[in-house]
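Protein chains in written order, with the numbering used here: chain F, 242 to 846; chain W, 111 to 624; chain P, 999 to 1098. Every residue gets a Cβ at the ideal spot worked out from N, C-alpha and C, and that includes glycine. Everything below concerns the one structure shown next.
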């Protein structure tokens, strides 16, 4: 029995209305706080509706023609409402709402016109993300995929007068565009083979085994490339750490809980199709696990608190993708949801810290627990969740992921993920110990954040705990090996212990560890040269080649044209000599011509 | 089934000739009254625009063939008559022309020097453009084509702006001798190059005329004639080269960057926005419409050159330091998508091609309007000197960004639908590999567009410019209209595709794949 | 007897000398003299043909030619004098106002 579609449409529509209002009515937008209220109000309504949709377990599908063609529309837009989308609706609206409220305090010092711009973008983002999760087909998903990418570009570059921010925004767009190229090629190929973009039609065809098209692995691989870009999998992960140039609430929303999860969502949503190409799934699992490990190593040597969290996000996205690749899409999705909560929490808490202390560098902080105890507590809650400590939400989802990967007999990925778990606990507690405990170096007077910022923090912390308890209470997951639970707890504890020994107790000197792991340390600090590689390719290959082409076009292709023109001019100059102006020369010409005519006439006889 | 019902009100003729009447009025009554000049221009182009929207709305989408038909015999012994009609494709192009010329009239509001001649020439030019799109008699079409080209020489030569090009390379001597960089050079080059192309077109038209019995120049009669295959091939080639020069195919595109860069704002808007589409329209209407087998045989050439256009244009654009040149090469690149879509000989591809003609026309009109405004405020076109304009001119910056996003094919803008359809068509065509350069072009466009936007608008403020201001008064009209159209057609593409499809389906049905 | 070819050859010679004069003489009056010679050569041809074919038409033509020659010389010399008054020279090389 299909549910009415107007309620999900309402969820989608509210931020859209807010965006249009703010975009078009300039005085409203320029008024700063009034714009914020419009946006937050719309989000509140959307969240309430999303809750209702989720609790009511709506199921519906509806589409309208979008691009017409002779034999029926080529592309449609619409809504696909099911438990998967409903969960995302709640996550997106909740985190959006909390972030927008938080931003009111975090960006309180901005000019009203800039603040208005910020909330316009926020509304657009919320609309785009919701459109993505409600998409009934690949094309609509791609449309909103690109739109969230746009919002990411706009929000990372919010403080565009800073060159680093402007560069980061553009880099994010380009790197994800590389993935999107694979995505669009993939869906074009898929459409060409099947004649449709719609998920339900494709799934039905898959079920009836009518989808045995040649090159399906290639097609699904290309589509997966989109997820590689958007969800920051290796090697398209490089944009995420730089994206931290944007305001912290933006990082919390887009680069932790929602946009980056779009890739995971897509793979989960289209799981029936991926299930038909196990080779690609294996690749996804391996790349996911490798990404997780790689990012975790880079987080261990980062001094910028936001960058640590960024690498952590990349790492956890790797977890999610590995689960999806192992056929445990449910586990991956669960991790997506829990991670959304506690990573947003961590980012917002880090934002409170940055707001109070004025720097991102953890080595310029210290002893903050005393100055900002509430922030410290919630940060600790987030850390424990991320490290996978029961009964917090992160433990259950991480265990589900590990279990799923083990069940699929992917030993290599499993080992990588296990090592990552250890590193995760390590680098998070490293931050906790350095920033929150130990001697206080922080300049200024670090104080507790205002209530507009603390409120969302406490809410998220509470949710992390509550969701964890709910998950613990739910029926146990069948068939996970019994030794998995103690293993994951043990790894977390080992990481904690290592961090404690190195940074709290001083028992092991971090500098000596760095020398022992010399080459690894060197590489990790330089992001394994991947960023440098991209920069080199960009400057050398693309810009260099473009300069060559520009030169050829102006001086060779156009040069040939100018040569023709110059030759014509020269020819004209030369022929001018015939017109000497002297009557005698003309007579000469006539006489000569006559002679030729007579000779020719004679010859022609 | 071709319906040739004579329309009660000669809408197409009014649309075509209203600007010309405006030009005459300006020259004879408003010679020394600048305000009257502008108002006459605005009113006459407004009449054309209003009518073109009206006929667009009243177009019957269920019937193929030409509607709003009119015919007046001119020279019966030779078969020349004034015959006009519109189908989905021409209708969209007429709408595009109206939008761009109205925006252009407002964008030129501040022309000081000899504004009456400027507007008069501009209006005469627009008449030529409308005429080409609605003409069904090839002889008259050619006349309108020449009318659309010749005023360019004066418009660029008198009201244009000169730049500087330092001669380099093995042909440097030629650069010095021909005076590269000045507006006179650009004017001469553009006009001569386009007239050179028109020679090929004339040859093609005459060849068809003679072969069909030298009885009539009517498109409808030619459409009903089956020309021999060999003739079709070389006449298609003649049309392709002739119209292609106007469309900016590689390597016959070099008139375009110099011409657009040196031309005044409204002229660039009209030229890059509409006239280049006229070239593509010619290839589709006359090349593909009259010579189906020739088109099928030579589609490989059209598509391959189009791929070169896309990638080459994008790379060239990336290397430019003069803002107008960036936009000009961007046009070369996007015209590649237009030609590619047509070359695929598929439904989505051809629809995408026509839609891209429209989308890119609006986009590039917007770009040139913005560049004109930036130049007016900052008195410079050098990107290297600019920076941080987003703070002082947010309206212009936002409009530029929207245009740029459409250019790189962001969904919710018209550019996306055009490119998507082209991609779908490319993979469905005989030469599937065309998909890849097209997609690569999208990526390269993203690179150069965002790079330029960052350099000029979204970055730290430049120290060389002070007291810059945003768009004012009538300048806003152009920007708002164009941005609105881009977003509208991006969100509701059916508005354009439905009528276009009515025309492209029968056109493609006649083309037999080799 | 001296036959027709001899007169024709004489006519050709005189014509060539006249043409040569027209082409190479610098003085405008000299050019006019050359033109005179060419015209007179034509006269020789006409008279010769008239004599040897017994046809009066040639002689009539000759009278026409002489009259027209006189008129042409008068006009030509008048032009030369007018040019001299303006340009102070009658050298053909210097009279190139129509130069391209």
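Under the 10 Å beta carbon count, residue 774/F is surrounded by fewer than 16 other beta carbons and is classified as exposed. Remark: C-beta atoms of residue 348/F and residue 359/F approach each other more closely than 8 Å.
Excluding five sequence positions before and after residue 155/W, the CB atoms of its chain that fall closer than 8 Å to its own CB belong to 128, 129, 132, 208, 211, 212, 215, 233, 236, given in chain order. Relative to residue 491/F, the option among 623/F, 732/F, 333/F, 772/F whose CA is nearest is 333/F. Here residue 603/F is not near residue 690/F, since their CB atoms are 8 Å or more apart. In chain order, 416, 417, 419, 420, 421, 477 place their CB closer than 7 Å to the CB of residue 470/F, counting only its own chain and leaving out the 5 sequence neighbours on each side. In the structure shown, the three-state DSSP call for residue 308/F is strand. Only those residues of the region 815 to 827 of chain F whose C-beta falls short of 8 Å from the nearest C-beta of chain P are listed: 817, 819, 820, 821, 822, 823, 824, 825. The bridge partners DSSP lists for residue 321/F are 302/F. In the three-state DSSP reduction, residue 169/W falls in the coil class, being neither helix nor strand. The secondary-structure analysis by DSSP pairs residue 192/W across a beta bridge with 182/W.
Between residue 498/F and residue 592/F, the C-beta spacing is not below 8 Å. For residue 1086/P, no CB of chain F lies under 8 Å from its own CB, so it is not counted at the interface with that chain. Residues 464, 468, 606, 609, 610 of the same chain have their beta carbon placed closer than 7 Å to that of residue 202/W, with the five preceding and five following residues left out of the count. Residue 1029/P sits away from residue 1016/P, with the two beta carbons spaced by 8 Å or more. The three-state reading of DSSP puts residue 439/F in strand, counting E and B together. Annotation for residue 580/F: the continuous alpha helix (DSSP H) segment containing it runs 570 to 598. Between residue 1053/P and chain F, the shortest Cβ-Cβ separation is not below 8 Å. Cβ neighbours of residue 625/F within its own chain (closer than 7 Å, five residues either side excluded): 633. If you draw a 10 Å sphere on the C-beta of residue 412/F, you find 16 or more other C-beta atoms in it, and that means buried. Under the three-pair Cβ rule at 8 Å, the region 435 to 453 of chain W does not count as touching the region 571 to 588 of chain W. When the alpha-carbon of residue 554/F is set against those of 665/F, 463/F, 517/F, 646/F, the nearest one is in 665/F. For residue 583/F, the CB contacts under 8 Å within the same chain, skipping 5 residues up- and downstream, are 622, 623, 626, 627, 633, 634, 635, 701, 705 in chain order. Counting C-beta pairs with one atom in each stretch, the region 280 to 299 of chain W and the region 325 to 341 of chain W have fewer than three that are closer than 8 Å, which means they do not touch.
The C-beta of residue 1049/P comes no closer than 8 Å to any C-beta of chain F.
Pairing residue 462/W with residue 535/W gives a Cβ-Cβ distance under 8 Å. The alpha carbon of residue 491/W has as its nearest neighbour, out of 581/W, 271/W, 583/W, 473/W, the alpha carbon of 271/W. Under the rule that a run must span 4 or more residues, the alpha helix (DSSP H) segments found entirely inside the region 646 to 692 of chain F read 652 to 672. For residue 345/F against residue 294/F, the beta-carbon gap comes to about 26 Å, at or over 8 Å, which does not count as contact. Cβ atoms of residue 462/F and residue 521/F come within 8 Å of each other, at about 5 Å. With 16 or more other Cβ atoms from the protein chains shown falling within 10 Å of its own Cβ, residue 566/F counts as buried.
Cα atoms of residue 797/F and residue 273/F: separation of roughly 54 Å, rounded to the nearest angstrom. Sorting 460/W, 602/W, 439/W, 434/W by C-alpha distance to the C-alpha of residue 483/W places 434/W at the top. Here the alpha carbons of residue 351/F and residue 342/F stand approximately 15 Å from one another. When the alpha-carbon of residue 828/F is set against those of 1021/P, 1040/P, 1055/P, the nearest one is in 1021/P.
The C-beta of residue 1083/P comes no closer than 8 Å to any C-beta of chain F.
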